[in-house]
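Trainee: Could you have a look at this structure, given as structure tokens, before my questions?
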Amino acid sequence: MIFFLNLFKQALICLSAILLILLIYFQSSTIDRDWIKPVSEGSIYTGTIFNESFDKKLLHLNTMKLLEEYFLSEISKNNFTTQQSVIFADNLLRERFIHRNINIKLEDNWFLYLFNFMSSHRNDSTYLSSLDLDYILKFDGAICNQQALIFQKLMKSIGLDYKSVLFNIPRYPESFGHFASAVKIENEWFFVDTNLEPAYDSDDSTTLKALLSGDVAFFNFLYPTNTVEEIPEGAIKVDFINENPALYGKILQNICYFISWYGWIVCVVCYLLTNQLKKSLLKLSSHH
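Position 260 (the sequence shown) corresponds to 315 in our numbering; numbering is contiguous.
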């Protein structure tokens, strides 16, 4: 038993040293760290957008708390109806964000970059795209899934049901992967895409139905820079009613963040506890 405890202690010391050295290494701006960064800063949720709505005056809304307070105060001040509140949220996020992926910075979560580097997505930022709403709101840009998460949080604040609309349409040269939302108003589901900003009628509940039925002409009208020839069944679907669609991804990012900053401390604490256990065992054996 003592032999194995000694081995365990040595392993903890080595692991603690490695984690601490890597923490210092990835905090340094003078050392080349580009080898761990993906070739592409983009994610699977890509798309082209022209004539973006963007208002830099809204950049002061840089936390979820501030954004939600502003959203609710404007609804109250203008006495918006439920439908008007949804339209306001749609326009608010269109104007708050540029269509741009926000990755977690390497120095903020280096272990996540290591995880991404070891995964099949090492050449893109699938795992690196921030899923923390407050982190995303520090910046002026966000891609579709990031904006959808924030939109859904706003819908939750006014007590509306929401769900995620997922696109995965085969096309050449690359598939159209996209993420949008739907919100329920008086038993009808309305489609909302704050990111690619398609020109749909916000009062028309048939938009979502047309997309889910695979209406190619209507899809191409909404997304003229991403036209397709066909939409296979299931290529556009809804899921995660009143649920966080990125829950497990957020948990992964949080775990990696904890390891990045506190992993070495945990190893040191475990070393001390193991050492105490060893002393107790030796003391106990000496009495026998």
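Just so you know, even glycine gets a beta-carbon here, dropped at the ideal spot from N, CA and C.
Using only alpha-carbon positions, find the residue among 316, 341, 258 that is nearest to residue 139.
Mentor: With distances taken between Cα atoms, residue 139 lies closest to 258.
Trainee: Would you check if there are 3 or more beta carbon pairs closer than 8 Å linking the segment 182-190 to the segment 210-225?
Mentor: Touching, no, given that fewer than three Cβ pairs across the two stretches are closer than 8 Å.
Trainee: Within this structure, are the beta carbons of residue 198 and residue 154 separated by less than 8 Å?
Mentor: Going by C-beta atoms, residue 198 is nearer than 8 Å to residue 154.
Trainee: Who pairs with residue 294 in a beta bridge, going by DSSP?
Mentor: Its beta-bridge partners are 219.
Trainee: For the segment 142-178, which segments carrying the alpha helix (DSSP H) assignment without a break, of at least 4 residues, lie completely within its bounds, in sequence order?
Mentor: Runs of the alpha helix (DSSP H) inside the segment 142-178: 165-173.
Trainee: So for residue 241, helix, strand or coil by DSSP?
Mentor: The answer is coil: DSSP assigns residue 241 none of H, G, I, E or B.
Trainee: Check the C-beta distance from residue 167 over to residue 147 and give it rounded, since I have them as a contact under 8 Å.
Mentor: Going by Cβ atoms, the distance from residue 167 to residue 147 rounds to 29 Å, so no, they are not a contact pair.
Trainee: Between the beta-carbon of residue 236 and the beta-carbon of residue 219, is there less than 8 Å?
Mentor: Cβ atoms of residue 236 and residue 219: closer than 8 Å.
Trainee: To the nearest angstrom, how far is the alpha carbon of residue 108 from that of residue 149?
Mentor: Going from the Cα of residue 108 to the Cα of residue 149 covers about 6 Å.
Trainee: Quick check on this structure: which residue in 205, 170, 195 has the alpha carbon closest to the alpha carbon of residue 126?
Mentor: For the residues 205, 170, 195, the minimum Cα distance to residue 126 belongs to 205.
Trainee: Between the beta-carbon of residue 193 and the beta-carbon of residue 299, is there less than 8 Å?
Mentor: No, the Cβ-Cβ distance between residue 193 and residue 299 is not below 8 Å.
Trainee: Give the C-beta separation of residue 71 and residue 311 to the nearest angstrom, bearing in mind that I take them to be a contact with Cβ-Cβ under 8 Å.
Mentor: Actually they are not in contact, since the Cβ atoms of residue 71 and residue 311 sit about 17 Å apart, beyond 8 Å.
Trainee: Just to confirm before moving on: does the CB-CB distance between residue 224 and residue 290 stay below 8 Å?
Mentor: Yes, the pair counts as a contact, with Cβ atoms nearer than the cut-off.
Trainee: Cutting at 6 Å between CB atoms, please list the residues of its own chain near residue 151, excluding the five before and the five after it.
Mentor: Cβ neighbours of residue 151 beyond the five flanking positions: 113.
Trainee: Residue 287: buried (16+ other C-beta within 10 angstroms of its C-beta) or exposed?
Mentor: The residue is exposed, with fewer than 16 neighbouring Cβ atoms inside 10 Å.
Trainee: Should residue 159 and residue 175 be called a contact, given that it needs their Cβ atoms to be closer than 8 Å?
Mentor: Cβ atoms of residue 159 and residue 175: not closer than 8 Å.
Trainee: Below 8 Å on the Cβ atoms is my contact criterion, and I expect residue 62 with residue 332 to pass it. Report the Cβ-Cβ distance as a whole number of Å.
Mentor: Their Cβ separation, rounded to whole angstroms, is 14 Å, which puts residue 62 and residue 332 out of contact at 8 Å.
Trainee: Looking at C-alpha atoms only, which residue of 256, 293, 294 is the closest neighbour of residue 141?
Mentor: Among 256, 293, 294, the Cα nearest to that of residue 141 is on 256.
Trainee: Thinking just about the alpha-carbon of each residue, which of 307, 252, 262 is nearest to the one in residue 145?
Mentor: For the residues 307, 252, 262, the minimum Cα distance to residue 145 belongs to 252.
Trainee: So, helix, strand or coil for residue 269, using DSSP?
Mentor: Residue 269 falls in the coil class under three-state DSSP.
Trainee: What do you reckon, are the CB atoms on residue 93 and residue 178 nearer than 8 Å?
Mentor: In contact: residue 93 and residue 178 (Cβ atoms closer than 8 Å).
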